[in-house]
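The block underneath contains the structure these notes are about, expressed in structure tokens.
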Amino acid sequence: MHHGRVYALCLRLAGQVPLAEEMTQDCFIRAWEKLDQFRGESKFSTWLHSLSVNQALSSLKKQRSFWARFLPVTTEADTEESTTTHTEETSVLERKILKLPERARVVFVLFAIEGYSHEEIAAMMGTSTGTSKAQYHRAKNLLQEMLS
1 MHHGRVYALC LRLAGQVPLA EEMTQDCFIR AWEKLDQFRG ESKFSTWLHS LSVNQALSSL
61 KKQRSFWARF LPVTTEADTE ESTTTHTEET SVLERKILKL PERARVVFVL FAIEGYSHEE
121 IAAMMGTSTG TSKAQYHRAK NLLQEMLS
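As structure tokens, then:
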């Protein structure tokens with residue numbers, strides 16, 4: 001029921017199917033661990049989405065280790081081989097979003113797709129509002145170049 005939405009969020013943030021699958025699993029493990037903290041003040045899906053964004057961002061921070069920079073990047077061909085139905089349903093724009101640099105992609109997804117404000121994004125990522133806005137504009141310009 002909620003898996004599709006959490007997975008889509010993780011894939012957009014991670015840009016790689018294997019990492020997105022791992023992040024999705026981590027989100028549901030975290031939700032299970034924190035289930036007793038759900039107070040019912042909002043919809044369960046809203047609570048799960050917020051928890052998933054925070055968990056996914058935390059996972060991305062862990063991935064930024066020194067050695068992770070030297071791992072091979074998944075190419076579009078690798079992504080197509082490792083997933084069947086998702087790639088068939090993915091639009092051209094979504095594939096282009098996955099090619100954005102990580103920080104620009106994260107800000108773009110959170111702002112343009114998930115609806116977070118730049119202030120909220122800055123707080124989540126530990127940066128300034130100006131940095132969030134700059135990354136968003138960078139992502140937007142790169143997408144326009146890719147699509148033209």
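Per my numbering, residue 1 is the first one in the sequence shown, and the count goes up by one each step.
Note that CB positions come from ideal geometry on N, CA and C, so glycine has one too.
Only a predicted model underlies this, so the values are computations on that prediction, with no experimental measurement involved.
Where residue i and residue j are concerned, what is the direct C-alpha to C-alpha distance, given to the nearest angstrom?
i: Trp67; j: Cys27; result: Low confidence applies to Trp67: its pLDDT is 45, below 50, so where it sits in the model is not reliable enough to give any reading.
i: Ile113; j: Ala20; result: 17 Å
i: Leu147; j: Leu93; result: 8 Å
i: Pro101; j: Gly130; result: 18 Å
i: Lys99; j: Leu11; result: 12 Å
i: Thr46; j: Leu142; result: 30 Å
i: Glu89; j: Arg105; result: Because Glu89 carries a pLDDT of 46, less than 50, the predicted location of this residue cannot be relied on, and no value is offered for it.
I need the DSSP call for residue i, collapsed to helix, strand or coil.
i: Lys96; result: helix
i: Gly126; result: coil
i: Ser148; result: coil
i: Glu120; result: helix
i: Arg138; result: helix
i: Ser91; result: coil
Is it the case that the Cβ atoms of residue i and residue j are separated by a distance below 7 Å?
i: Gln144; j: Val107; result: no
i: Leu48; j: His2; result: yes
Taking the alpha helix (DSSP H) that residue i belongs to, which residues open and close that run?
i: Ile113; result: It is not in any alpha helix (DSSP H) - Ile113 carries neither H nor E in the DSSP assignment.
i: Glu22; result: 17-34
i: Glu102; result: 102-108
i: Gln55; result: 44-63
i: Arg12; result: 3-14
For residue i and residue j, which I take to be in contact (beta-carbon distance under 8 Å), what is that distance rounded to the nearest angstrom?
i: Leu23; j: Ala31; result: The sequence shown places Met at residue 23, rather than the Leu named in the question. Between Ala31 and Met23 the Cβ distance is about 13 Å, and since that is not below 8 Å, they are no contact.
i: Met124; j: Leu57; result: 6 Å
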